[in-house]
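The structure appears right after this line, and notes come after that.
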C-alpha cells in the first residue's frame with residue numbers, strides 16, 4: 001500500500017501522512033509523538049486557512065459532518081482521531097500560542113490562529129486605512145466603528161466572520177502601538193483608528 | 001669449479017661470491033626500475049584517461065560507476081593517496097563531490113530520523129537526496145551513496161550500510177540492530193510497513209512474549225515504529241516508517 005496525498009471534496013490537498021493508519025493513534029514514544037503532533041498542528045492550521053475556520057472543539061472528533069471532518073477522519077483507511085488525542089494536540093497548540101482557549105478557563109474549544117493575532121492586527125489596520133481612503137463617505141477619518149462594521153461591512157472584508165474575541169485581541173495590539181482607541185458607545189464598544197505614529 | 005685447497009682457493013671462493021651478489025643486485029635494480037617505469041606509464045595513462053573523461057566521470061552516473069569499478073578491479077582507490085582527499089581529488093574534483101554528497105546524505109538522514117528511527121532504505125535515501133539536489137532522478141546512484149558513506153566513516157558519526165533481507169538500508173544511529181529487529185524489519189517490508197504479533201509468531205515460531213517484547217522495544221525504546229491502536233484485525237499494529245512506501 002503506497003501512502004499518497006489526496007485531494008478532498010473541498011479542494012484541500014491532504015499530506016501523505018494522513019493516509020498512514022498510525023497517524024490517528026497517539027504515540028507512546030515521546031519523540032515520535034512530538035513529530036506526529038507537529039504534523040497534526042500544521043495540518044490543522046493549513047486546513048483552517050483553507051476553509052477560513054476559527055473554532056476547533058474537542059467534540060469535532062466525534063461529531064459527524066463537523067467542519068473539520070475531512071482532516072479528523074480518513075474514511076479511505078477507516079481511521080479517525082480520538083477526542084483525547086485531539087484534546088492533547090489542542091493543548092500543545094495553546095502552549096505554542098497557535099491557539100487560545102475560547103471561552104477562557106476551559107479546555108474543550110479553541111480559537112485557531114492560522115494568522116497570529118499580531119498578523120490579524122496588521123490585516124485589520126491596512127484594510128481600515130484603505131477603506132477610509134477609498135470611501136470617505138462611509139467612514140470619514142476618525143469615524144468610530146463598531147465591531148459589526150468591521151466583521152460585516154457592505155463590501156466585504158478580509159476579516160469577514162472573524163470571531164469577536166480574536167478581533168478584540170487584534171484591536172488591543174493596535175492600541176499598544178497607538179493605532180487604535182477603544183471607546184464606549186451606546187450599544188457596546190467602538191473603535192477609532194489613528195494614523196500610524198511617525 | 002674445482003674445489004681447491006689452501007688459502008688461495010679460499011680467496012677465489014670469496015671473490016666469486018661477491019661478484020654473484022653484485023650481479024644479482026644489479027639484476028633486481030633493473031627489474032625495479034622497469035617496474036617503476038611501467039607504473040609511471042600506467043599512472044600517466046590513467047591520469048590522462050581521468051582528465052580527458054573528467055566531465056563524464058563527474059556528470060554521468062553510469063560512467064562514474066564504470067570508472068569506479070575499473071579502479072577497484074585494478075586495486076586503485078580513487079579517494080586514496082598521499083594527499084588529503086587522494087591524488088584523484090585534484091585530478092577529478094571527485095572528493096569535493098563526494099563530500100558534498102556526504103553532507104546531503106547526513107541532511108536527509110537527520111531530517112527523517114524522527115519518523116524512521118534512523119533507518120532508511122537506500123533507494124528512499126537516493127530519492128530524497130536527488131530531490132534535495134534538484135534532480136528528478138539519475139543524478140546519483142546507490143553506489144555513489146555507499147561510497148560517500150564510507151568517506152563519512154572517519155567522522156565517527158556511525159553511518160552504516162546494513163543489508164536486511166537483501167535490501168540495503170542506511171543506519172544513522174549508533175544502535176545495534178538485534179536479530180529479532182532484523183526479522184521484524186523483513187516482515188514489515190513484506191507487509192508494506194505493518195507488523196502484528198501474530199505474523200511474527202506464525203512466521204518465525206516465536207512465543208507471544210518474544211514477539212511483543214521485540215515490538216515494544218522498537219516502539220518505546222528505539223522509536224523505530226509507530227503504533228496503530230485502531231487496527232481492524234488486532235487493535236494493535238506496529239508500523240515501520242522505513243518500510244512504508246511514501247509518495248511524497
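Protein chains in written order, with the UniProt record's numbering: chain W, 1 to 198; chain A, 1 to 248. Note that beta-carbon positions come from the ideal geometry of N, C-alpha and C, so glycine has one too.
- [ ] Please state if the CB of residue 94 of chain W and the CB of residue 102 of chain W are separated by a distance shorter than 8 Å.
- [x] In the first chain, counting from the first residue as 1, residue 102 of chain W sits at position 102. In the first chain, counting from the first residue as 1, residue 94 of chain W sits at position 94. Going by C-beta atoms, residue 102 of chain W is not nearer than 8 Å to residue 94 of chain W.
TODO: State the Cα-Cα distance for the pair residue 43 of chain A and residue 41 of chain W, rounded to the nearest angstrom.
DONE: Translated into positions along the second chain, residue 43 of chain A becomes position 43. Translated into positions along the first chain, residue 41 of chain W becomes position 41. Answer to the nearest angstrom: the Cα atoms are 60 Å apart.
TODO: List the endpoints of the continuous alpha helix (DSSP H) containing residue 210 of chain A.
DONE: The residue given as residue 210 of chain A occupies position 210 in the second chain. Residues 208-216.
- [ ] Please classify residue 117 of chain A: is it buried, with 16 or more other beta-carbons within 10 angstroms of its beta-carbon, or exposed?
- [x] Indexing the second chain from 1 puts residue 117 of chain A at position 117. Classification of residue 117 of chain A: buried, given that the 10 Å Cβ count is 16 or more.
Task: Every unbroken beta strand (DSSP E) inside the stretch 84-115 of chain W [3 residues or more] - done: 99-101, 109-112
Task: Buried versus exposed, by CB contacts within 10 Å (16 or more), residue 60 of chain W - done: Against the first chain, residue 60 of chain W aligns to sequence position 60. When all chains shown are included, residue 60 of chain W counts as buried.
Task: Residues bridged to residue 184 of chain W (per DSSP) - done: Counted from its first residue, the first chain places residue 184 of chain W at position 184. DSSP lists W:189 as partners of residue 184 of chain W.
TODO: Using the Cα positions of residue 240 of chain A and residue 153 of chain A, report the straight-line distance between them to the nearest angstrom.
DONE: In the second chain, the residue the question calls residue 240 of chain A occupies position 240. In the second chain, the residue the question calls residue 153 of chain A occupies position 153. Each residue's Cα considered, the two are about 26 Å apart.
TODO: For residue 206 of chain A, return the contacting residues in chain W, with the cut-off set at a CB-CB distance below 9 Å.
DONE: What you label residue 206 of chain A is simply residue 206 of the second chain in a count that begins at 1. Per Cβ cutoff of 9 Å: no residues; residue 206 of chain A is ~22 Å from chain W at best.
Task: Through-space distance from residue 2 of chain W to residue 250 of chain A, alpha-carbon basis - done: Nothing can be reported for residue 250 of chain A: it is not among the residues displayed for chain A, which extend from 1 to 248.
Open item on the list: According to DSSP, simplified to helix, strand and coil, what is residue 79 of chain W?
Closed with: For the purposes of this step, residue 79 of chain W is taken as the residue at position 79 of the first chain. Of the three classes helix, strand and coil, the one that applies to residue 79 of chain W here is strand, per DSSP.
Open item on the list: Cutting at 6 Å between CB atoms, please list the residues of its own chain near residue 143 of chain A, excluding the five before and the five after it.
Closed with: Position 143 of the second chain, counting from 1, holds the residue named residue 143 of chain A. Taken in chain order, the residues that qualify are 65.
Open item on the list: Between residue 139 of chain A and chain W, is any beta-carbon pair separated by less than 8 Å?
Closed with: In the second chain, counting from the first residue as 1, residue 139 of chain A sits at position 139. No, residue 139 of chain A lies away from the interface with chain W (no Cβ there is under 8 Å from its Cβ).
- [ ] May I ask which residues mark the beginning and end of the beta strand (DSSP E) holding residue 254 of chain A?
- [x] With chain A running from 1 to 248 in the structure shown, residue 254 of chain A is simply not present.
Task: Endpoints, the alpha helix (DSSP H) within which residue 149 of chain A is located - done: On the second chain, position 149 is the one that residue 149 of chain A refers to. It spans 142-152 - the alpha helix (DSSP H) in which residue 149 of chain A sits, taken as one unbroken run.
Task: 8 Å Cβ cutoff, residue 114 of chain A in contact with chain W - done: The sequence position of residue 114 of chain A within the second chain is 114, counting from 1. Closer than 8 Å: yes.
TODO: Could you tell me whether the Cβ atoms of residue 70 of chain A and residue 119 of chain A are closer together than 8 Å?
DONE: Taking the second chain and counting its residues from 1, one reaches residue 70 of chain A at position 70. Taking the second chain and counting its residues from 1, one reaches residue 119 of chain A at position 119. Cβ atoms of residue 70 of chain A and residue 119 of chain A: not closer than 8 Å.
TODO: Determine the direct distance from the alpha carbon of residue 127 of chain W to that of residue 193 of chain A, and round the result to whole angstroms.
DONE: Residue mapping note: residue 193 of chain A aligns to position 193 of the second chain, counting from 1. Residue mapping note: residue 127 of chain W aligns to position 127 of the first chain, counting from 1. Computed Cα separation, rounded: 50 Å.
TODO: Establish whether the CB of residue 153 of chain A and some CB of chain W are separated by less than 8 Å.
DONE: Looking up residue 153 of chain A in the second chain gives position 153. Not one chain W Cβ lies under 8 Å of residue 153 of chain A.
Task: Contacts of residue 186 of chain A in chain W (Cβ-Cβ under 7 Å) - done: For this step, residue 186 of chain A is matched to residue 186 along the second chain. Within chain W, no residue comes near residue 186 of chain A; the closest Cβ sits about 18 Å away, beyond 7 Å.
Task: Residue from W:74, W:123, W:175, W:185 whose Cα sits closest to the Cα of residue 151 of chain W - done: For the purposes of this step, residue 151 of chain W is taken as the residue at position 151 of the first chain. For residue 151 of chain W, the nearest C-alpha among the options comes from W:123.
Task: Neighbour flag for residue 37 of chain W against chain A, beta carbons, 8 Å - done: On the first chain, residue 37 of chain W is found 37 positions in, with the first residue counted as 1. It does not: the Cβ of residue 37 of chain W has no partner Cβ on chain A nearer than 8 Å.
Task: Secondary structure of residue 178 of chain A, DSSP reduced to three states - done: Here residue 178 of chain A refers to the residue found at position 178 of the second chain. Residue state, collapsed to three classes: coil.
Task: Three CB pairs or more closer than 8 Å across the stretch 220-232 of chain A and the stretch 203-212 of chain A - done: no
Task: Beta carbon proximity, residue 103 of chain W to chain A, threshold 8 Å - done: What you label residue 103 of chain W is simply residue 103 of the first chain in a count that begins at 1. Not one chain A Cβ lies under 8 Å of residue 103 of chain W.
Task: For residue 150 of chain A and residue 67 of chain A, the rounded distance between their alpha carbons - done: By one-based count along the second chain, residue 67 of chain A stands at place 67. By one-based count along the second chain, residue 150 of chain A stands at place 150. Distance between the alpha carbons of residue 67 of chain A and residue 150 of chain A: 17 Å.
Task: Local Cβ density within 10 Å of residue 193 of chain W, reported as buried at 16 or more and exposed below that - done: Along the first chain, read from residue 1 onward, the residue named residue 193 of chain W stands at position 193. Answer is buried; the Cβ neighbour count reaches 16.
Open item on the list: Less than 8 Å between the C-beta atoms of residue 129 of chain A and residue 140 of chain A, yes or no?
Closed with: For the purposes of this step, residue 129 of chain A is taken as residue 129 along the second chain, with counting starting at 1. For the purposes of this step, residue 140 of chain A is taken as residue 140 along the second chain, with counting starting at 1. Cβ distance < 8 Å, so residue 129 of chain A and residue 140 of chain A count as in contact.
Open item on the list: Tell me the DSSP secondary structure of residue 41 of chain W in three-state form.
Closed with: Taking the first chain and counting its residues from 1, one reaches residue 41 of chain W at position 41. Residue state, collapsed to three classes: helix.
- [ ] Verify the CB distance criterion: does residue 181 of chain W have a CB-CB separation below 8 Å to chain A?
- [x] As a position in the first chain, residue 181 of chain W is number 181, starting the count at 1. No, because no Cβ of chain A sits closer than 8 Å to the Cβ of residue 181 of chain W.
Task: Residue nearest to residue 180 of chain A in terms of C-alpha spacing, selected from A:189, A:215, A:173, A:172 - done: Taking the second chain and counting its residues from 1, the one referred to as residue 180 of chain A is at position 180. Here the closest residue by C-alpha is A:215.
Task: Whole-angstrom distance between residue 160 of chain A and residue 238 of chain A, CA atom to CA atom - done: The residue labelled residue 238 of chain A in the question sits at position 238 within the second chain. The residue labelled residue 160 of chain A in the question sits at position 160 within the second chain. Each residue's alpha carbon lies about 25 Å from the other.
Open item on the list: Tell me which residues of the stretch 22-36 of chain W have at least one Cβ-Cβ distance to chain A shorter than 7 Å, keeping chain order.
Closed with: 22, 24, 25, 27, 28, 29, 31, 32, 35
Open item on the list: Between which two residues does the alpha helix (DSSP H) holding residue 71 of chain W run?
Closed with: Here residue 71 of chain W refers to the residue found at position 71 when the first chain is read from its first residue. Note, residue 71 of chain W: alpha helix (DSSP H), 69-72.
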